[in-house]
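Converting from the sequence shown to the working numbering requires adding 1 to each position, the first position being numbered 1.
Cβ atoms here follow ideal geometry from the backbone N, Cα and C, with glycine treated the same way.
What follows is a set of notes on a single structure, which appears directly below.
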Amino acid sequence: MKVPYANLRMHFPDTDSVGRDELYHWIGYPENITDPNFYNTCAIRISLALLGAGYPNPGRWPIKAGKYKGRSIETRQRALSAWLVRQVGQPAKFKSGQEAERAIGSQQGIVSFFSIYGDQNPQGHIAIVSRDRWGRYLRCGNEIDGTATGCYWSSREVWFWPLK
Numbered sequence: 002m003k004v005p006y007a008n009l010r011m012h013f014p015d016t017d018s019v020g021r022d023e024l025y026h027w028i029g030y031p032e033n034i035t036d037p038n039f040y041n042t043c044a045i046r047i048s049l050a051l052l053g054a055g056y057p058n059p060g061r062w063p064i065k066a067g068k069y070k071g072r073s074i075e076t077r078q079r080a081l082s083a084w085l086v087r088q089v090g091q092p093a094k095f096k097s098g099q100e101a102e103r104a105i106g107s108q109q110g111i112v113s114f115f116s117i118y119g120d121q122n123p124q125g126h127i128a129i130v131s132r133d134r135w136g137r138y139l140r141c142g143n144e145i146d147g148t149a150t151g152c153y154w155s156s157r158e159v160w161f162w163p164l165k
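Here is the structure:
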C-alpha cells in the first residue's frame with residue numbers, strides 16, 4: 002500500500018510544530034521526556050504520520066492517549082524500516098549517503114539513514130523528505146542534532162521509498 006506523499010506529510014508532526022515534550026504527552030508517555038533512551042523521536046513521528054495516512058499499526062508500542070489511543074507505533078528506526086519493507090515494498094538501497102542524495106534528487110518519500118555517524122555508531126534516522134523550491138531538503142527532521150536539513154548524507158547506508 003502506498004499513499005500519496007501529501008497525505009503522509011499532512012499527518013507528520015514535525016519538530017518545528019510539535020516539540021519532544023508535547024509529542025510524548027500526545028501519546029501518553031510523559032515519563033519519556035527525560036529518559037535519554039527516548040531522546041530521538043523520528044520513528045515515533047513517522048509512525049504517527051503513517052497511522053494518520055491510513056496504514057495499519059507500524060509497531061508494537063501501544064499509544065496510551067490522544068487521537069490514536071489503542072493503536073501502536075514503532076520507536077526504533079531500524080524496526081520501522083523493516084516494517085516499511087513489508088508494507089510498502091523494497092526501497093531503493095544506497096551504499097552511501099552521497100549516492101542516495103544524488104539519486105533521490107527532486108523525489109519525495111520516506112528516507113531511512115543507517116549508521117549516521119559512521120561504522121562505529123549504528124544509530125539511524127528516519128524521516129519524510131522532499132525538496133523545496135530553493136533546492137534544499139526539507140522535513141528530514143532535526144531532532145537528533147539540529148543539522149540544517151536533518152538529512153544525514155554522510156550515512157553508511159540509505160533506504161528510500163519514493164511516494165508520488
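So residue i is in the beta strand (DSSP E); what residue range does that whole segment cover?
i    : result
R132 : H126 to R132
V159 : E158 to P163
G110 : G110 to F115
F95  : A93 to F95
Give me the Cβ distance between residue i and residue j, rounded to the nearest whole Å; I'm assuming they're in contact under 8 Å.
i    : j    : result
V130 : V159 : Not a contact, Cβ separation roughly 10 Å.
Y6   : L164 : 4 Å
W1   : I74  : Nothing in the structure corresponds to residue 1, since the chain is present only between 2 and 165.
I105 : F161 : 6 Å
R132 : S107 : 5 Å
V19  : A54  : No, V19 and A54 are not in contact; Cβ-Cβ is about 17 Å, not under 8 Å.
W154 : G98  : 4 Å
Can you say whether residue i is buried or exposed, counting buried as having 16 or more other CB atoms within 10 angstroms of its CB?
i    : result
Q121 : exposed
A44  : buried
P59  : buried
S48  : buried
Y69  : buried
R103 : exposed
Rounding to the nearest angstrom, what Cα-Cα distance links residue i and residue j in this structure?
i    : j    : result
I127 : I34  : 20 Å
L9   : P123 : 27 Å
C152 : G125 : 11 Å
P37  : R21  : 12 Å
N143 : E23  : With a pLDDT of 48 at N143, under the threshold of 50, the modelled position of that residue is not reliable, and no figure is offered here.
G71  : Q91  : 29 Å
R87  : P57  : 12 Å
G67  : Y30  : 11 Å
R157 : S116 : 5 Å
M2   : S82  : 15 Å
E32  : T42  : 14 Å
W27  : V89  : 26 Å
D15  : Y40  : 15 Å
F114 : L52  : 21 Å
How far does the alpha helix (DSSP H) with residue i in it reach, from first residue to last?
i    : result
V86  : Q78 to Q88
N122 : Here N122 belongs to no alpha helix (DSSP H), and DSSP marks it neither H nor E.
W27  : R21 to W27
E100 : G98 to I105
M11  : Y6 to M11
Contiguous alpha helix (DSSP H) assignments of at least 4 residues, all confined to the segment 31-71: 43-53
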